[in-house]
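Colleague: Counting in the numbering used here, the sequence shown runs from 18 upward without gaps.
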Amino acid sequence: MKPLKEFTIPFIGLKIGTHHYDYKIEKAFFEYFEYEDFNDANVKVDLTLLKNTTLLELNFKISGTVNINCDITNEPFDQNIKNEFDLVVNFGDEYNDENIDILVLPHGAYEINVQQYIYELIVLSVPIKRIHPGVEDGTLSSDILEKLKELSPKLDDEQKEDNKEIDPRWNTLKKLLTDK
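#1: Could you tell me the distance, in whole angstroms, from the CA atom of Leu13 to the CA atom of Lys78?
#2: Under 6 Å Cβ to Cβ from Asn59, same chain only, skipping five residues before and after it: list those, please.
#3: Starting from His36, follow its DSSP beta bridges and name the residues at the other end.
#4: With a threshold of 16 other CB atoms inside 10 Å of the CB of His37, please say whether the residue is buried or exposed.
#5: Between which residues of its own chain and Pro93 is the CB-CB distance below 6 Å, once the five residues before and five after are set aside?
#6: Between which residues of its own chain and Leu64 is the CB-CB distance below 6 Å, once the five residues before and five after are set aside?
#7: Spatial neighbours of Asp103 within its chain, please: CB distance less than 6 Å, with the 5 preceding and 5 following residues excluded, ordered by chain position.
#8: So the alpha helix (DSSP H) Ile135 belongs to, where does it begin and stop?
#9: Between the beta-carbon of Ile98 and the beta-carbon of Ile148, is there less than 9 Å?
#10: Between the alpha carbons of Pro185 and Lys171, how many angstroms are there, rounded?
#11: Among residues of its own chain, excluding the 5 on either side of Pro20, which ones have a beta-carbon nearer than 8 Å to its beta-carbon?
#12: Rounded to the nearest angstrom, what separates Glu43 and Val62 at their Cα positions?
#13: Kindly indicate the opening and closing residues of the alpha helix (DSSP H) around Pro27.
#14: Could you tell me which of Lys41, Tyr52, Lys68 and Glu53 sits nearest to Ile33, measuring between CA atoms?
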């Protein structure tokens with residue numbers, strides 16, 4: 018995969034000190050990575066590069082929204098995301114990215130491409146369980162939610178009566194399971 022030019026930072030000509038880079042990430046960025054979970058994206062990336070004599074320190078801050086589908090209803094909604102990541106770039110004999118927070122570039126390197134770090138930071142900022150806010154607060158009306166309510170198991174009157182006839186000592190033991 019060929020790196021995108023706007024995410025390549027030539028650090029060899031930069032003065033020692035702090036440098037700021039701003040990126041606006043949209044859906045086309047994720048199409049480049051062939052990632053299709055997002056319907057749309059509007060994410061702002063604030064990258065601060067601190068150049069020292071022997072190493073580089075990068076601080077990524079992201080904030081914005083990604084439009085994703087709910088896991089329960091498949092309804093699209095905007096998920097707010099916000100995250101931060103620090104990366105230290107050091108120089109050595111050969112390229113090494115085995116450590117999450119440390120990147121080692123060869124001594125002759127003159128630029129760094131940050132697109133992969135931005136991509137991973139945004140994708141990992143989205144919650145694993147994607148639930149529409151309307152499902153959580155009960156304001157979303159959907160055919161799928163109605164069907165789920167219709168098909169959900171209900172306690173029959175016979176089952177309720179059977180629960181009343183249980184020895185009360187078992188109820189005390191059941192409390193142990195729920196009192197965690």
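Heads up, the beta-carbon is just placed ideally off N, CA and C, and yes, glycines get one too.
From a predicted model like this one, the values you see are computed outputs, not experimental measurements.
Modeller: In short, the structure shows the following:
#1: Residue 13 lies beyond the stretch modelled for the chain, which goes from 18 to 197, so this question has no answer here.
#2: Scanning its chain for C-beta atoms nearer than 6 Å, with the 5 sequence neighbours on each side dropped, one finds around Asn59 the residues Gly81 and Thr82, in chain order.
#3: Secondary-structure assignment with DSSP links His36 through a beta bridge to Leu66.
#4: Under a 10 Å Cβ-count criterion, His37 is classified as exposed, with fewer than 16 other Cβ atoms of the shown protein chains found around its own Cβ.
#5: Within the same chain, Pro93 has close Cβ partners Asn56, Asn84 and Asn86.
#6: The residues are Tyr38 and Phe77.
#7: Taken in chain order, the residues that qualify are Asn76.
#8: Boundaries of the alpha helix (DSSP H) harbouring Ile135: Gln132 to Ser142, taken from the DSSP string.
#9: No. Outside cutoff.
#10: If you take the alpha carbons of Pro185 and Lys171, they lie about 23 Å apart.
#11: Here Pro20 has Asn130 and Gln132 as same chain residues with Cβ atoms under 8 Å from its own Cβ, once five neighbours each way along the sequence are excluded.
#12: A direct Cα-Cα distance of roughly 11 Å separates Glu43 from Val62.
#13: Per DSSP, Pro27 belongs to no alpha helix (DSSP H); it is in the beta strand (DSSP E), Thr25 to Pro27.
#14: Here the closest residue by C-alpha is Lys68.
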